[in-house]
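> Starting off with a structure, shown below.
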Amino acid sequence: MTQLVVDDLTLDVRESTRRKTLEITVDRDGELIIAAPTGTDTQHLRDFVLEKRLWIYQKLAQKAERRRQLPRKEYVNGEGFLYLGRSYRLKRVSNDSQDASLKLVAGRFHLREDCLINAREHFIHWYSTRARDWLGARVKQHAQRMNAAPTGVAVQDLGYRWGSCGKGNRVYFHWKTILLPRHIAEYVVVHELVHLHEPHHTPAFWRRLERAMPDYEQRKSWLARHGIEVEGV
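With the sequence shown counted from 1, adding 651 to any position gets you our numbering.
Below you can see the structure in the form of structure tokens.
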């Protein structure tokens with residue numbers, strides 16, 4: 652079983668031999684996931700969902716509200732910007748102080764004053780460039796040990812998806828992945844590489860992911876709960 656439908660709720664069921672308890676999480680795009688020990692009775696899963704139904708509705712409403720209220724950056728001195736899970740303060744600098752529009756220097760982002768009008772685009776370009784290098788290196792590293800053979804790595808805006816495995820075994824990542832903590836971004840990489848073997852989120856997919864990354868559930872849960880926090884760029 653890969654999905655469970657309870658009234659108006661549809662949940663992806665992810666079984667694991669390592670798991671001892673049931674847990675429900677709400678993913679970045681509102682997807683519902685119920686993690687369960689392998690072989691859990693369907694009625695037990697349904698009862699658990701019904702018991703948690705009010706909590707689920709509250710979480711879905713909170714996630715929708717947070718998306719509407721996410722603040723945009725103002726690009727003022729001292730404002731924080733994430734990079735691999737750490738926050739770096741912004742410093743606006745004079746036009747003649749640096750060649751590049753945006754640099755990370757001594758623990759601070761330096762943005763030229765003449766680039767302020769397009770500051771968000773400069774940040775996206777900076778993040779995308781770093782993401783291609785960092786994620787590309789992690790893809791190469793994990794692909795070797797996972798017997799995966801991606802044909803290329805691309806970084807772009809994927810909307811509400813962190814990653815995607817496209818035709819021809821090319822893997823794609825949202826540029827915002829580089830804002831996540833290192834171990835969470837690494838989870839996104841391994842997740843997409845597993846898709847090269849298992850295209851869909853079947854039980855075989857989750858078993859293979861667990862073999863490649865035994866603590867994936869903790870990382871996945873963190874991403875479901877906190878991934879929205881990197882949205883306001």
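Note that CB positions come from ideal geometry on N, CA and C, so glycine has one too.
1. Quick test of your reading: Val841 and His877, contact by CB under 8 Å. State the CB separation rounded to the nearest angstrom.
2. For Ala855 versus Glu861, is the C-beta spacing smaller than 7 Å?
3. May I ask you to verify whether the stretch 759-768 touches the stretch 739-746, counting CB pairs closer than 8 Å and requiring at least 3?
4. Quick check: the Cα distance between Arg723 and Val822, rounded to an integer number of angstroms?
5. Report the residue from Arg697, Gly810, Leu683 whose alpha carbon sits nearest the alpha carbon of Ala712.
6. Looking at the strands, I want to know which residues DSSP matches up with Cys766.
7. Between Gly787 and the rest of its own chain, which residues show a CB-CB distance below 8 Å, the 5 nearest in sequence each way excluded?
8. Closest to His825 by CA distance: which of Cys816, Val881, Gly810 is it?
9. Per DSSP, what are the beta-bridge partners of Gly814 in this structure?
10. Kindly indicate which residue of Thr689, Arg781, Leu655 has the alpha-carbon position closest to the one of Arg670.
11. Is it the case that the Cβ atoms of His773 and Leu753 are separated by a distance below 7 Å?
12. Can you give me the start and stop residues for the alpha helix (DSSP H) that Ile835 sits inside?
13. So Arg740 is in the alpha helix (DSSP H); what residue range does that whole segment cover?
14. For Leu755, report the span of its beta strand (DSSP E) as first-last.
15. For Trp706, does the count of other Cβ atoms within 10 angstroms reach 16, so buried, or fall short, so exposed?
16. Under a three-way DSSP split, which group does Val727 fall into?
17. Mapping DSSP to helix, strand and coil, what is Glu682?
18. Using only the alpha-carbon positions, how far apart do Gly729 and Ile879 sit?
19. What does Glu674 pair with, by DSSP beta-bridge criteria?
20. Exposed or buried, what is Thr828 when buried is set at 16 or more other beta-carbons lying within 10 Å of its beta-carbon?
21. Taking 7 Å as the limit between beta carbons, can you name the residues of its chain near Gly817, skipping five residues before and five after?
According to the data block:
1. What you label residue 841 is simply residue 190 of the sequence shown in a count that begins at 1. What you label residue 877 is simply residue 226 of the sequence shown in a count that begins at 1. About 18 Å separates the two Cβ atoms, so there is no contact after all.
2. Within the sequence shown, residue 855 is the residue found at index 204, counting from 1. Within the sequence shown, residue 861 is the residue found at index 210, counting from 1. Contact flag unset, no.
3. Short answer: they touch.
4. The residue given as residue 723 occupies position 72 in the sequence shown. The residue given as residue 822 occupies position 171 in the sequence shown. So the alpha carbons of these two residues sit roughly 29 Å apart.
5. For the purposes of this step, residue 712 is identified with residue 61 of the sequence shown, where counting begins at 1. Looking at Arg697, Gly810, Leu683, the one whose alpha-carbon comes closest to that of Ala712 is Leu683.
6. Mapped onto the sequence shown, residue 766 falls at position 115. The partner list for Cys766 (beta bridge, DSSP) is empty, contrary to what the question assumes.
7. Along the sequence shown, one-based indexing puts residue 787 at 136. Closer than 8 Å at Cβ, skipping near neighbours: Val804.
8. As a working mapping, residue 825 is identified with position 174 in the sequence shown. Among Cys816, Val881, Gly810, the Cα nearest to that of His825 is on Gly810.
9. Numbered from its first residue, the sequence shown carries residue 814 at position 163. Bridge partners of Gly814 according to DSSP: Phe824.
10. The residue given as residue 670 occupies position 19 in the sequence shown. If we check each option's Cα against that of Arg670, Thr689 comes out closest.
11. The count along the sequence shown starts at 1 and reaches residue 773 at position 122. The count along the sequence shown starts at 1 and reaches residue 753 at position 102. In this structure, Leu753 lies closer than 7 Å to His773 by Cβ.
12. Within the sequence shown, residue 835 is the residue found at index 184, counting from 1. Run containing Ile835: 833-845, per the alpha helix (DSSP H) assignment.
13. On the sequence shown, position 89 is the one that residue 740 refers to. Element bounds for Arg740: not the alpha helix (DSSP H) but the beta strand (DSSP E), 737-744.
14. By 1-based counting over the sequence shown, the position of residue 755 is 104. In the DSSP assignment, Leu755 falls within the beta strand (DSSP E) that extends over 753-756.
15. Here residue 706 is taken as the residue at index 55 of the sequence shown, counted from 1. By the neighbour-count criterion, in which a residue is buried when 16 or more other Cβ atoms sit within 10 angstroms of its Cβ, Trp706 is exposed.
16. Here residue 727 corresponds to residue number 76 of the sequence shown, with the count starting at 1. DSSP, read as helix, strand or coil, puts Val727 in coil.
17. For this step, residue 682 is matched to residue 31 along the sequence shown. Reduced to three states, the DSSP call for Glu682 is coil.
18. Stepping through the sequence shown from its first residue, residue 729 is reached at position 78. Stepping through the sequence shown from its first residue, residue 879 is reached at position 228. Going by the C-alpha atoms only, they are around 22 Å apart.
19. By 1-based counting over the sequence shown, the position of residue 674 is 23. According to DSSP, Glu674 shares a beta bridge with Ala686.
20. The residue given as residue 828 occupies position 177 in the sequence shown. The residue is buried, with at least 16 neighbouring Cβ atoms inside 10 Å.
21. Translated into positions along the sequence shown, residue 817 becomes position 166. These residues qualify, in order along the chain: Tyr823.
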